[in-house]
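Protein sequence lines correspond, in order, to chains D and R.
Under the working numbering, think of the first position of the first sequence as 1, with each following residue one higher.
Under the working numbering, think of the first position of the second sequence as 191, with each following residue one higher.
No residue lacks a Cβ here, since even glycine has one placed at the ideal position from N, Cα and C.
Structure first, commentary second.
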Amino acid sequence: MEYVLMFIAAVFVNNVVLAQFLGICPFLGVSKKIDTAIGMGLAVVFVLTVSTLFTFLLQKHLLNPLGLGFMQTVSYILVIASLVQLVEIILKKVSPALYQALGVFLPLITTNCCILGVAILVIQKEYNLLESIVYAISTAIGFALALVIFAGIREQLAMTHIPSGMKGTPIALITAGLLAMAFMGFSGIV
Amino acid sequence: MILIAIISLGGIGAVGAILLYATSKKFEIHEDPRIARVQEVLPGANCGGCGFPGCSGFANACVNAENLDNLLCPVGGSAVMEKVAIILEKEASKTDPTVAVVRCNGTCEARPKTNQYNGVSSCAIASMLYGGETGCSYGCLGFGDCEAACDFDAIHINPETRLPEVIEDKCTSCGACVKACPKNIIELRKKGPKSRRIFVSCVNKEKGGVARKACTNACIGCGKCEKECAFGAITIENNLAYIDPVKCRLCRKCVVVCPTMAIHELNFPPRKEKDTEPAVKPQKKPEPIETTTPENK
């Protein structure tokens, strides 16, 4: 039950994009088509889970015993970057189809701040390993959900008459704001 | 303290580097070096006109194929395919260059509006709803889906006629506009010698009177051109004439007899006055070469 609540909280109430405003760059960048949004969402679910697992172990077994808490950010980035590279190399050989599907999004995720954000958040909230993994997966699903919804809206928007001054990024930002307000309706349910 | 920090961070980095090196060696993919060389000679437009996902997909298909018969880069044409053939030591199939042709001449003047459409500005959506703003339900809708589909800036809607116009020099005949047009108006036709070509600029299949009422430039299927053509290149089907680009010898007789001026000639020198006979015959008669021109009927 505890994990279900955690899942709902992470997906809807504290949605990583629409409530915590992490990972806005891919949210605006790769949300023009639903297909690419789904690809990006899957890649984030995958990388976020794996990277949270590794950074959690790094924190508990290397940084904490040595008293190197101040190196958290820099060592996390190092680990995440090499991890994504590793995954990319293996994926290219083992599953070319999946590699094609994720495409350029996989390396792009390295610099996605919601990955680093979640890795740091689970330490701050003092979760244990299992809780961290559940939290990471739920957050990533929340990210994918927000991205797909937003992409769907933008696909519809592309076919309507928009005043020329509002075309492109302005209308996208307004849409994102409205979507964030819509998600505020979930606050307090958990 | 500093030392520990440096050592541990360096350690993480070193472990990561070794791990990456080891996996990249273990999971190395042996790509055929010819794929990269073929890709170099391809135009790199990634338009998908060949039917493969991008130029790398096409290069891969070329290397793996036994012969190059059914493989053609529409952008590069025969010139590029010959280069590919040299790299792969295979025979390239020869094809004539093609170009996109708009088969509708229903300008605003010729085709009076019968209603007004205020919906989404997209041919695909408008064609799902109904036949268009004019009496001709076969003709161009003029919302420019073809213009949006073109990666090469080669097709534009003329604001006066509201018909698309192809810029021949830019057109690579990738076929993107052909797929984008919900009315199947655009056709890839043989470019012809000195890019001279003759085509029926109408796709209306209504009977003569109905077609004529909807658009004064429509093909009414009267059959005059069919009788005039000495080479059997023109066929009439469903009240619509079609000129076979393979059989057509560019004599231009059909252009003159068409009562509605639906047959268009492009890039020909002007005729001499009072001379209904073809003024200048093309110097060399084009040899009837096998083409792969698709007929989008």
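- Look at Ile-410/R here: in three-state DSSP terms it is coil, with no helix or strand label.
- When only Cα atoms are considered, Cys-444/R and Thr-406/R end up about 18 Å apart.
- Leu-91/D: member of the alpha helix (DSSP H) spanning 72-94, first to last residue.
- When C-beta atoms of the stretch 362-369 of chain R are compared with those of the stretch 315-334 of chain R, fewer than three pairs fall below 8 Å, so the two segments do not count as touching.
- Unbroken alpha helix (DSSP H) stretches of 4 residues or longer found wholly inside the stretch 317-342 of chain R: 335-339, given in chain order.
- Contact with chain R is absent for Lys-32/D, since none of that chain's Cβ atoms lies less than 8 Å from the residue's Cβ.
- Legend: CB atoms of the stretch 108-137 of chain D lying less than 9 Å from CB atoms of chain R are not found in any residue.
- Counting along the chain, Phe-105/D sits inside the alpha helix (DSSP H) bounded by residues 105-109.
- Excluding sequence positions up to five before and after Leu-147/D, its CB lies within less than 7 Å of the CB of Phe-27, Ser-31, Ala-37, Met-40, Gly-41, all in the same chain and listed in chain order.
- Of all residues in the stretch 282-311 of chain R, only Val-310, Ser-311 come within less than 9 Å of chain D when Cβ atoms are compared, listed by chain position.
- At a beta-carbon threshold of 8 Å, the residues of chain D lying near Leu-210/R are Ser-82, Gln-85, Leu-86, Ile-89, ordered along the chain.
- Contact annotation: in the stretch 155-170 of chain D, residues whose CB is within less than 9 Å of a CB in chain R are Met-159, Thr-160, His-161.
- Taking the Cα positions, Pro-65/D is about 49 Å away from Pro-223/R.
- The criterion of a C-beta distance shorter than 8 Å is satisfied by Cys-415/R and Ile-424/R.
- DSSP places Asn-348/R in the uninterrupted beta strand (DSSP E) bounded by 345-348.
- Close partners of Ala-226/R in chain D (Cβ separation under 7 Å) are lacking, with about 16 Å as the shortest Cβ gap.
- Nearest CB-CB separation between Ile-194/R and chain D: below the 8 Å threshold.
- Neighbourhood of Met-71/D in chain R, by CB distance below 7 Å: Ala-195, Leu-199, in chain order.
- In this structure Cys-392/R touches Ala-452/R by the C-beta definition: roughly 5 Å separates them, less than 8 Å.
- Looking at Val-84/D, Ala-119/D, Gly-165/D, the one whose alpha-carbon comes closest to that of Thr-73/D is Ala-119/D.
- For the pair Glu-272/R and Glu-281/R, the Cα-to-Cα distance works out to about 8 Å.
- For Cys-361/R against Phe-342/R, the beta-carbon gap comes to about 7 Å, under 8 Å, which counts as contact.
- When 7 Å is used as the limit between beta carbons, Leu-62/D is near these residues of chain R: Ser-198, in chain order.
- Residues of the same chain with a CB within less than 7 Å of the CB of Phe-458/R, apart from the 5 flanking positions on each side, are Arg-386, Arg-442 in chain order.
- The secondary-structure analysis by DSSP pairs His-454/R across a beta bridge with Phe-389/R.
- In this structure, the straight-line span from the alpha carbon of Cys-237/R to that of Val-292/R is close to 20 Å.
- In this structure, DSSP gives Leu-232/R a state outside helix and strand, which the three-state scheme calls coil.
- Look at Ile-347/R: its C-beta is not under 8 Å from any C-beta on chain D.
- Residue pairing from DSSP places Thr-288/R in a beta bridge opposite Lys-380/R.
- Counting the other CB atoms within 10 Å of its CB gives Leu-63/D a total of 16 or more, which places it among the buried residues.
- Looking at the DSSP output, Ala-431/R sits in a beta bridge with Ile-426/R.
- Between the alpha carbons of Lys-33/D and Leu-157/D lies a distance of about 11 Å.
- At least one beta carbon of chain R lies nearer than 8 Å to the beta carbon of Val-74/D.
- Per DSSP, reduced to three states, the secondary structure at Pro-170/D is helical.
- Closest in alpha carbon position to Ala-251/R, among Val-228/R, Ala-235/R, Ser-268/R, Tyr-307/R, is Val-228/R.
- Listed along chain R, the residues sitting closer than 9 Å to Leu-78/D by beta-carbon distance are Leu-199, Ile-202, Gly-203, Gly-206.
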